RNA sequence: GCGCCCAUGGCUCAGCUGGAUAGAGCGCCAGACUACGAAUCUGGAUGUCGCAAGUUCGAAUCUUGCUGGGCGCACCA
């Protein structure tokens, strides 16, 4: 719809140029948007204002010229006015809107999909928590944001893979094995002083107990190094399995779990560093190897091989991103906690040294979550093992409410997550407001069926009966849906979907309270059923992208 | 000290990449079920968009400075 207006304007502009009314200048992409003041019509454009400067003419004069040259072959424009300093205000014919509904029921579950991604391969990497403990509330937001970003990209035609990077090669894994060993000994009667670096959560005890159950006390006497290695593996696998379960129940599944260890096979990291050194991106100061990230705008150069000969996390990360691009992705998206923002220039430097453009790697920052219970902060301490796990949140507030709440703000803004509010089934909780709209429609449709009213198809409906302002508002909102999805995908901003849903549910509820869908008037009933079915389709599609259920009844 | 992010009604936040009179929700006040689901709806009040300059036809949005908050500034991950 919007595209048609854009195209009309572009053609009018060209013919102005052809006729010599306007100079031959590049047409900046004209913006056509839905004005927030309905008096300004259905669509508005600032094309004349944008052209005023390069064309060196009065914007209103340009507007007049373009207006005279608009050739509305499809006959969709009702009125076209020039207002204010030179805005175009378009009002479309009612039947244009009414007929636009057809595409919604035709496309059904596919309504809102587009092909702007054109099959390009994209990878979204997110969560990527170390398998040293269960996922907690802090991971949950990143998990949902990543999942929905991926979903949006899929809807817009990208070929998307969701990937989880398992940091299982660093020394935190060693600490994990040690922690289990300490608990193991403790359970078998030893008195243990726990060092700061150890993980103290209950889950460590469970793993230790499990080992005792299955293997007894034989590790008390075995070689400590080997035992720690072994416990690492056991604990890592067990925790990762639990993480996968939690994520699955949260509605998040991955296509690929990529182990950091993979990067070190065949000396992969070392060889890559040697190559980069040959190319001049890495230099040695005798004891350590430095990556020249300042060449790409970083504040200071960064160490890749430590004095002790161990590669840094950054070194592995360069190799990891090289690996990603080698797998043929056109675009790679990392979802990070906002506390890692200082790391961005470093990684961008890394991929540029590998020959990729900075734009090939997009990084979405997700702010940390402020966990509250009834307004009071909930203490979170990872070290002591006191934290609210994702599992607990799922059990307490449920998947739908949890996911929706994490999507109610831009991801780079702080989010208060109140457990009491999130589980309250009231109007403080927008997820129910939206779901209720869907359930309500289902209920009306069910009643219609029970009364023997058939659900009409497009051709069986007199669309012109949908003539009320509220009906037109709903139709416009529904027509806008694909553009909203496209915009959200392009900007990597899932929160736009929740805002859209709240608004759509709002105008529907309002409409419902004012008008009877099912009435004595058969033709009107058919038209309205057709309309609310369209609303249902869009509610369902949008909720599905968010991974939130669209219940038939509540 | 340096860098990044943020500052919008009493509270929590949007504001579609520079557009027309800045919007929601919550809370508050007053109303609506013998009507397809009241988890709903209708009406009402609240703003120097942190402060000050600048850019232009036009700024909450872009630039600079200041104030106030968050986060980073590892040979941790």
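Numbering (the numbering used here), first residue to last: 141 to 694.
For every residue, glycine included, the Cβ atom is placed at its ideal position computed from N, Cα and C.
The structure presented is a predicted model; accordingly, all values stated were derived computationally and were not measured.
Could you compute how far the alpha carbon of residue 669 sits from the alpha carbon of residue 246? Here the question's residue 669 lines up with position 529 in the first chain. Here the question's residue 246 lines up with position 106 in the first chain. When rounded, the distance between both Cα atoms is 15 Å.
Just checking residue 500 against the ligand NAP - is the residue's beta carbon closer than 7 Å to any of the ligand's heavy atoms? Ligands displayed in this structure: none; no statement on the ligand NAP is therefore possible.
Meets three-Cβ-pair contact criterion under 8 Å: the region 320-332 and the region 403-423: no
In this structure, does DSSP put residue 217 in helix, strand or coil? Locating residue 217 in the first chain gives position 77, counting from the first residue. Residue 217 falls in the strand class under three-state DSSP.
Whose C-alpha, out of 234, 222, 284, is nearest the C-alpha of residue 613? On the first chain, residue 613 is found 473 positions in, with the first residue counted as 1. Minimum Cα-Cα distance from residue 613 among the listed residues 234, 222, 284 corresponds to 234.
Please list the segments of the alpha helix (DSSP H) lying wholly inside the region 357-399, counting only runs of 4 or more residues, in order along the chain. Qualifying alpha helix (DSSP H) stretches, in chain order: 364-389.
Run through the DSSP bridge pairs and tell me what residue 477 is partnered with. Here residue 477 corresponds to residue number 337 of the first chain, with the count starting at 1. Answer is 506, bridged to residue 477.
Note down, in chain order, each residue of its chain lying with its Cβ closer than 8 Å to the Cβ of residue 445, except the 5 sequence neighbours on either side. In the first chain, residue 445 corresponds to position 305, counting from 1. Excluding residues within five positions, the ones whose Cβ falls inside 8 Å are 413, 428, 429, 451, 452, 455.
Would you say residue 167 and residue 150 are within 8 Å of each other, going by their C-beta atoms? Within the first chain, residue 167 is the residue found at index 27, counting from 1. Within the first chain, residue 150 is the residue found at index 10, counting from 1. Yes, the pair counts as a contact, with Cβ atoms nearer than the cut-off.
For residue 615, the first and last residue of its enclosing beta strand (DSSP E): For the purposes of this step, residue 615 is taken as the residue at position 475 of the first chain. From DSSP, residue 615 is part of no beta strand (DSSP E) but of the alpha helix (DSSP H) over 609-631.
On the three-pair Cβ rule with 8 Å, is the region 176-183 touching the region 220-230? With a cut-off of 8 Å, the region 220-230 and the region 176-183 count as touching, because enough Cβ pairs lie within range.
Residue range of the alpha helix (DSSP H) that residue 417 falls in? In the first chain, residue 417 corresponds to position 277, counting from 1. Run containing residue 417: 408-418, per the alpha helix (DSSP H) assignment.
For residue 452, does the three-state DSSP call read helix, strand or coil? Against the first chain, residue 452 aligns to sequence position 312. Coil, per DSSP.
Alpha-carbon spacing of residue 366 relative to residue 348, whole angstroms: One-based indexing of the first chain puts residue 366 at position 226. One-based indexing of the first chain puts residue 348 at position 208. Our two residues, residue 366 and residue 348, have alpha carbons roughly 16 Å apart in a direct line.
Following the continuous beta strand (DSSP E) through residue 263, name the residue where it begins and the one where it ends. Within the first chain, numbered from 1, the residue matching residue 263 stands at position 123. Residue 263 -> beta strand (DSSP E) spans 261-265.
Whole-angstrom distance between residue 469 and residue 266, CA atom to CA atom: For this step, residue 266 is matched to residue 126 along the first chain. For this step, residue 469 is matched to residue 329 along the first chain. Distance between the alpha carbons of residue 266 and residue 469: 16 Å.
Might you give, ordered along the chain, the residues of its own chain that have their beta carbon closer than 6 Å to the beta carbon of residue 646, omitting 5 neighbours on each side? Here residue 646 refers to the residue found at position 506 when the first chain is read from its first residue. Taken in chain order, the list of residues that qualify is empty.
Are residue 397 and residue 304 close, meaning C-beta to C-beta below 8 Å? On the first chain, position 257 is the one that residue 397 refers to. On the first chain, position 164 is the one that residue 304 refers to. Taking 8 Å as the Cβ cut-off, residue 397 and residue 304 qualify as a contacting pair.
Are the CB atoms of residue 644 and residue 679 nearer to each other than 8 Å? As a first step, residue 644 must be located in the first chain, where it is residue number 504. As a first step, residue 679 must be located in the first chain, where it is residue number 539. Yes, the pair counts as a contact, with Cβ atoms nearer than the cut-off.
Rounded to a whole number of angstroms, what is the C-alpha to C-alpha distance between residue 395 and residue 624? Translated into positions along the first chain, residue 395 becomes position 255. Translated into positions along the first chain, residue 624 becomes position 484. If you take the alpha carbons of residue 395 and residue 624, they lie about 27 Å apart.
Under a three-way DSSP split, which group does residue 486 fall into? Looking up residue 486 in the first chain gives position 346. Three-state DSSP puts residue 486 in a helix.
Starting from residue 445, follow its DSSP beta bridges and name the residues at the other end. In the first chain, counting from the first residue as 1, residue 445 sits at position 305. Within the DSSP bridge table, the entry for residue 445 names 429, 451 as partners.
Between residue 755 and the rest of its own chain, which residues show a CB-CB distance below 8 Å, the 5 nearest in sequence each way excluded? The structure shown does not extend to residue 755, since the chain is modelled only from 141 to 694, so the question has no answer here.
If you draw a straight line from the C-alpha of residue 380 to the C-alpha of residue 619, how long is it? In the first chain, the residue the question calls residue 380 occupies position 240. In the first chain, the residue the question calls residue 619 occupies position 479. About 43 Å.
Which stretch, first to last residue, makes up the alpha helix (DSSP H) that contains residue 288? By 1-based counting over the first chain, the position of residue 288 is 148. Unbroken alpha helix (DSSP H) run through residue 288: 277-295.
My output table needs one value for residue 527: the three-state DSSP class, helix, strand or coil. On the first chain, residue 527 is found 387 positions in, with the first residue counted as 1. Reduced to three states, the DSSP call for residue 527 is coil.
Give a yes or no on whether the C-beta atoms belonging to residue 302 and residue 290 are separated by under 8 Å. Counted from its first residue, the first chain places residue 302 at position 162. Counted from its first residue, the first chain places residue 290 at position 150. Yes, the pair counts as a contact, with Cβ atoms nearer than the cut-off.
Span of the alpha helix (DSSP H) around residue 540: Here residue 540 is taken as the residue at index 400 of the first chain, counted from 1. Start and end: 539-546.
Run the CB neighbour count on residue 682, radius 10 Å, all protein chains shown included, and call it buried at 16 or more, exposed below. Residue numbering aside, residue 682 sits at position 542 when the first chain is read from its first letter. Here residue 682 is buried: its Cβ has 16 or more other Cβ atoms, across all protein chains shown, within 10 Å.
For residue 588 and residue 660, the rounded distance between their alpha carbons: Stepping through the first chain from its first residue, residue 660 is reached at position 520. Stepping through the first chain from its first residue, residue 588 is reached at position 448. The straight-line gap from Cα to Cα measures roughly 12 Å.
What is the residue span of the beta strand (DSSP E) that residue 228 lies within? Locating residue 228 in the first chain gives position 88, counting from the first residue. 227-232 is the span of the beta strand (DSSP E), which, as asked, contains residue 228.
Run of the alpha helix (DSSP H) containing residue 579, from where it starts to where it stops: As a working note, residue 579 is residue 439 in the first chain. Note, residue 579: alpha helix (DSSP H), 570-590.
In three-state terms, what does DSSP make of residue 300? In the first chain, residue 300 corresponds to position 160, counting from 1. Of the three classes helix, strand and coil, the one that applies to residue 300 here is strand, per DSSP.
Grab the span of the beta strand (DSSP E) containing residue 185 for me, first residue to last. On the first chain, residue 185 is found 45 positions in, with the first residue counted as 1. From DSSP, the beta strand (DSSP E) with residue 185 extends over 183-185.
Residue range of the unbroken beta strand (DSSP E) whose run includes residue 556: In the first chain, residue 556 corresponds to position 416, counting from 1. Unbroken beta strand (DSSP E) run through residue 556: 555-558.
Extent of the continuous alpha helix (DSSP H) run through residue 423: Numbered from 1 along the first chain, position 283 holds the residue referred to as residue 423. Not the alpha helix (DSSP H): residue 423 falls in the beta strand (DSSP E), residues 422-424.
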